[in-house]
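These protein sequences, in sequence, are chains A, B, C and D.
Heads up, the final residue of the first sequence is numbered 1328 in my numbering, and it's a clean run with no missing numbers.
Heads up, the final residue of the second sequence is numbered 1328 in my numbering, and it's a clean run with no missing numbers.
Heads up, the final residue of the third sequence is numbered 1328 in my numbering, and it's a clean run with no missing numbers.
Heads up, the final residue of the fourth sequence is numbered 1328 in my numbering, and it's a clean run with no missing numbers.
Think of the CB as a built atom: it goes at the ideal place given N, C-alpha and C, for glycine as much as any other residue.
All of these numbers come straight from a predicted model, not from anything done at the bench.
Protein chains: 4
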Amino acid sequence: MAEQIKCGVLGLGRLGYWHAENLASQVRGAKLVNVADPFGDAAEKTAQKLGVDNWTKNPAEILEDPNIDAVIIATPTSTHVEMIKKAAENGKQIFVEKPLTQYVHEADEVIEAIKKHNVTCQVGFMRRFDPAYSEAKRRILAGDIGKPIYFKAVSRDPGAPPAEFIKNSGGIFLDMSIHDYDVARFLIGEEVTSASAHGNILMNDFMEEFGDVDQALTYLTFESGAAADIEGSRNAAYGYDIRGEVIGTEGSIIIGSLKHHDVTVLTKQGSTHDIVPAFPERFKDAYTIEMQHFIDCLRLGEKPIVTEYDGKVALEIAAAATEAFKTGKRVKLKTAAVKA
Amino acid sequence: MAEQIKCGVLGLGRLGYWHAENLASQVRGAKLVNVADPFGDAAEKTAQKLGVDNWTKNPAEILEDPNIDAVIIATPTSTHVEMIKKAAENGKQIFVEKPLTQYVHEADEVIEAIKKHNVTCQVGFMRRFDPAYSEAKRRILAGDIGKPIYFKAVSRDPGAPPAEFIKNSGGIFLDMSIHDYDVARFLIGEEVTSASAHGNILMNDFMEEFGDVDQALTYLTFESGAAADIEGSRNAAYGYDIRGEVIGTEGSIIIGSLKHHDVTVLTKQGSTHDIVPAFPERFKDAYTIEMQHFIDCLRLGEKPIVTEYDGKVALEIAAAATEAFKTGKRVKLKTAAVKA
Amino acid sequence: MAEQIKCGVLGLGRLGYWHAENLASQVRGAKLVNVADPFGDAAEKTAQKLGVDNWTKNPAEILEDPNIDAVIIATPTSTHVEMIKKAAENGKQIFVEKPLTQYVHEADEVIEAIKKHNVTCQVGFMRRFDPAYSEAKRRILAGDIGKPIYFKAVSRDPGAPPAEFIKNSGGIFLDMSIHDYDVARFLIGEEVTSASAHGNILMNDFMEEFGDVDQALTYLTFESGAAADIEGSRNAAYGYDIRGEVIGTEGSIIIGSLKHHDVTVLTKQGSTHDIVPAFPERFKDAYTIEMQHFIDCLRLGEKPIVTEYDGKVALEIAAAATEAFKTGKRVKLKTAAVKA
Amino acid sequence: MAEQIKCGVLGLGRLGYWHAENLASQVRGAKLVNVADPFGDAAEKTAQKLGVDNWTKNPAEILEDPNIDAVIIATPTSTHVEMIKKAAENGKQIFVEKPLTQYVHEADEVIEAIKKHNVTCQVGFMRRFDPAYSEAKRRILAGDIGKPIYFKAVSRDPGAPPAEFIKNSGGIFLDMSIHDYDVARFLIGEEVTSASAHGNILMNDFMEEFGDVDQALTYLTFESGAAADIEGSRNAAYGYDIRGEVIGTEGSIIIGSLKHHDVTVLTKQGSTHDIVPAFPERFKDAYTIEMQHFIDCLRLGEKPIVTEYDGKVALEIAAAATEAFKTGKRVKLKTAAVKA
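Written as structure tokens, this is what we have:
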């Protein structure tokens, strides 16, 4: 078996902390050696809590440390381009949270850097590693539903993020539906050729100021003529609701359910089970599994199943959907070039 | 196609009225020509409401009317023996509500009368006609679960009947679990060889006076070695709960669910659907289908799938379970003789 | 209680026959006195089978018969305008299958005729009477999910109809999604203000010849800013799949499920229940209940909950969706005028 | 926060290995310092795989090591009495797999030793820590179903263990239903006062030689008059099936379901999801959580929620059920004494 991968985590917000925690405990073959966060005492506290030997307020200390094999980039999206390029230049293996970068042209830059320095890059589309989504993929590959021809997705947050977040989020298509754009490609197994999009503000009037909406619908077409519709919503008063369907020529797969605890309470008011309240409860395992996949790939010299290319393509779809929403017109995509 | 079957209904309590209503409207090949009930104006009102030409307070008017082909006996159980014998003597075809009679020795009398006068008799075990139970039987016969080896049943009422009813009910094993005894024979496809039984009063202390319980459990064995456990309960505060499972050597069938309307409401409190509140909502279709089966059998000269013999066997099992409950001992059954 | 309503059925295709059967047996307060169909011996056979005294090949015999109170129009859509006008002129109460007419301008004509002759008209949007949809409406009115802000519908047929049908169907938006347009208005409780639409041929290449698609998506907006997305599909290899969701400010309602028999089979291959195979199994009760509603309204002098106006509005939405699909542009609706 | 608890694992069969793995990675506050197994190279291999510094073939090395704080006893049941007593004498904190001991009198011995040496003991009834069971307990304590009056349990293995295992298992009541006896006490919140039991061989004739059965039913009564029925089975050809229900005076709780992956496949054959195949998939989390509870209790100086007393009581119920099964008579329990 290969050596342990020495890792540093950059950015200790909620996701960065989870990645650090997973690397410190659950992930086999990894050793968390340093954590960085410029704000307050986040790095120091994390290091203490997780038993990590080093911490710093300066990401460069990790990016330039010759003792570190791989970096996990969980800093704000606007910094991804710089972080990834520096990491590549220093020969670090890279795990970067989604989206890969804020803009498509930045994605080209980081792809070039990654190629030039011959490092590995995995993008944090954790749904591919969720046991339900990966089982769906397995069933599709097994031919259980014939050829996939339609994908339908519902992603609903239990409420809107604060204005501060919405302001810098890039809009619902980039911030939220991007997960389903990636999953659509993953499950249909083809590239997207066009995007149409609609959206409205149903509950959160404050979003108007930022040109954003709390309810979005994207219609995608694929190379073979397959299609997809993807709903993104900030309006699920009842909980966190992530579901998908893949319709094939011989059957269909439904992914996900609302059930949280495996307990049902029967009273005069009816039969009730609780609903997954938020994304940690829904995707906790997926975050662990994606990080294990990253480490396993590094140790085995294999390519992750979701790379910087997938990061860029999802970004292009999100940009096309955003444009389609703003112009009211269908926007064509030229993703074929990416794969070349 | 044969002539229409001219029917008379005896006893217009809830079930009798339903049978009358079904015969007056939904059942093909039947004509309801008379209804009888000794109490108040039940017969007159029913005749008016359903557009029936005749009504009477005297069952004998129907039992002796040469113009009537078939009678539906929905009078109190204690009168069944007399009603069935008179009906048979007058050459009437007979549908009788469960239980066939109150005592096993009475069952022998009516079986003799039915045989002697060569009439048809169907007993009102409507569950055999419920779409879920009959689909389960079909799947078993299709071999989908291999050989059936165990039956498990839950029958829970949403509350206890009044003391007046309990007093004359014959006890929970005879009044309630008898449905599952019949279904057990139907689904396992074999005769019962022994019964053990347990029971306790969990909520309704008034039952102690009548030697009855509100929670009962029967354990049955079958000829081939198969077994069953059957729960009967008056304590389902949440609704009417009828479920069954047939375990086979290669799989299992689960029958029934709690869902009433095909609607689920999601709120912060969870995901809720309403529960079947009582037996009419659960078995309305079954009552219609069983009556259609009775009429179809008469017109086609065929034997119903559930006859006086099944009525007697279920009664014997109920008697054995009651004895087992009272003595704390396993009681053996000699049903083989019945079939001869 | 009022007199029985004497009814005649025009057109004895599948739906016309069902309506006739329901009127002949299940519907209280109605008497089926004549049935008409120009093709072969459909009318004669139906009359014999259902015990109807008269039959004819000529609809005019029914439309002009002074003895008939109400007509059920289940003839081809292209004949609706003529049939409804004649019926109104003859003072007949009218039940007409959906769509009300083929074109919006025809709808105006029939609305005028109905108004002029002061007759009642109910349109066959049976989903409003389906126990699941009407329970959903009840729960919304009860405030269980707050204010409805989004409607999501899936309607999938288990396969495409033959080319002959598609040719004259008016396209998937008019033929299929129109049910969901009506339900969307019913459940959201507002008028639609715009329609956008997308569609592709995923499996049935023959549809290209007719400018139709087998997969359609409509995005609607409503007066208050609410929105909806509605999928119509001919590609559900697995069965007949009708589902809906109403998202409200405080919760959500899911309508419908795929379960057919209330039986689940467990084997090494997993836990399996069968799926509703086609629309009769799904909506049989709804057809009976809508006809009962029509007859009840006539007897009580009340207005049906779904009239010629609803028929016209649904037609307008379907026309707008079709135009939106063809032009790739959002089409605004002016339905407010209709209500005036 | 307290020091890390230094642990040694005795017995590296499947469960012992899991406990070792959990202690080596997931459990916070624990350090696995030694592992013991007398057979082959199990200890050496486990130490290498999990990165444990020491291994041994001799349990005494761990039991007598002053450097070790706590031992996890996962050796054969027949050795528990000796292991626990030695551990207590050496002042070790104890986690012992269920059952506590093979015989009730041995349970008394170990309870005395534990008391004398003032050590903590947790018994491996992991179901109490399963998220579904613990949520059920929480809901009961919250009063959501009123007062619990009945418990119903189904525990079905996907097949019978080999003859070699059955021979030494103590029978189905001790080996299998003991989990539900403990859960029944946990959820009802009372002591058991009597046990009745039934059982048959439905599929595995070889069990006759050992006086064991593959299908068992236990009926329990509780101090307040509550009751329970508990099915244990080796005959679930379809998978691993663990379910429970707690009926209360105001509602009921259903615990567990059969669903494995959160994916449903729809085909012409129906709607299918896969079933939990075996106990690791069902209870993996529970094993981790129970070990975390053990370590947390040691660090916080608190008493585990399931101790040697619970281990003894469950053993007494299993012994009573076994006797009831053999004699055909109800067996009373005197568990009140235990608590004193």
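- If the five residues before and after A1309 (chain D) are omitted, its C-beta is found closer than 7 Å to the C-beta atoms of F1161, S1165, A1183, A1185 and T1206, all from its own chain and listed in chain order.
- For the pair S1240 (chain B) and Y1228 (chain D), the CB atoms are not nearer than the 8 Å cut-off.
- Just so you know, the alpha carbons of A1130 (chain B) and E1278 (chain B) end up roughly 22 Å apart.
- Around the beta-carbon of F1153 (chain B), fewer than 16 other beta-carbon atoms lie within 10 Å, marking it exposed.
- At least 8 Å separates the CB of Q1014 (chain D) from every CB of chain B.
- Counted as a single uninterrupted DSSP element, the beta strand (DSSP E) harbouring V997 (chain A) occupies residues I993 to L998.
- Residues of chain B whose Cβ lies closer than 7 Å to the Cβ of L1205 (chain D) are, in chain order, Y1207 and D1217.
- As computed with DSSP, T1044 (chain C) is found in a beta bridge with C:A1024.
- Here the C-alpha atom of S1245 (chain B) lies approximately 35 Å from the C-alpha atom of L1303 (chain D).
- With fewer than 16 other beta carbons inside 10 angstroms of its own, R1002 (chain A) counts as exposed.
- Pairwise C-beta distances place the stretch 1263-1271 of chain C out of contact with the stretch 1245-1254 of chain B, as fewer than three of them are shorter than 8 Å.
- Under the DSSP assignment, F1139 (chain C) falls in the beta strand (DSSP E) whose first and last residues are P1136 to R1144.
- H1186 (chain A) has a beta carbon lying within less than 8 Å of a beta carbon in chain C.
- Burial check for R1116 (chain D): the Cβ neighbour count within 10 Å reaches 16 or more, so the residue is buried.
- Annotation: the continuous alpha helix (DSSP H) that includes S1122 (chain D) extends over P1119 to L1129.
- The beta carbon of H1249 (chain B) sits closer than 8 Å to some beta carbon of chain C.
- Going by beta carbons, I993 (chain D) and L1288 (chain D) fall outside the 8 Å limit.
- When Cβ-Cβ separations below 8 Å define contact, I1242 (chain D) makes no contact with chain C.
- The Cβ of K1019 (chain D) sits no closer than 8 Å to any Cβ of chain C.
- Around the Cβ of G996 (chain D), a 10 Å sphere holds 16 or more other Cβ atoms; the residue is buried.
- With contacts defined by Cβ atoms closer than 8 Å, V1023 (chain D) and W1043 (chain D) form a contacting pair.
- Nearest neighbour of K1291 (chain D) by Cα position, chosen from D:T1108, D:E1052 and D:K1033, turns out to be D:T1108.
- Sequence-distant partners of A1151 (chain A) (beyond 5 residues in either direction) whose C-beta falls short of 7 Å from its own C-beta, in its chain, are F1194.
- Residue pairing of I1218 (chain A) in beta bridges, as defined by DSSP: A:A1141 and A:T1206.
- With its beta carbon at least 8 Å from every one in chain B, S1221 (chain A) lies outside the interface.
- Interface with chain B (8 Å Cβ-Cβ cutoff): R1318 (chain D) is included.
- The C-beta of A1225 (chain C) comes closer than 8 Å to at least one C-beta of chain D.
- Rounded to whole angstroms, I1133 (chain D) and I1243 (chain D) show a C-alpha spacing of 13 Å.
- Contact note: P1119 (chain D) reaches chain A through H1249 and D1250, using a C-beta cutoff of 8 Å and chain order.
- The beta carbon of H1261 (chain A) falls within 8 Å of a beta carbon belonging to chain B, placing the residue at that interface.
- Per the C-alpha coordinates, the member of B:A1075, B:T1063 and B:I1060 positioned closest to L1051 (chain B) is B:A1075.
- Within the stretch 1114-1141 of chain A, the residues whose Cβ lies closer than 8 Å to any Cβ of chain D are, in chain order, P1119, A1120, E1123, A1124, R1127, D1132 and I1133.
- Secondary structure within the stretch 1259-1299 of chain A: the alpha helix (DSSP H) runs of 4 or more consecutive residues, fully enclosed, are 1267-1288 (chain order).
- Here DSSP, grouped into helix, strand and coil, assigns H1186 (chain C) to strand.
- DSSP places T1108 (chain A) in the coil class of the three-state scheme, outside both helix and strand.
- Shown here for I1128 (chain D): same chain residues with a beta carbon closer than 8 Å to its own, the five before and five after excluded, namely P1136, L1175, G1177, V1234, G1236 and I1241 in chain order.
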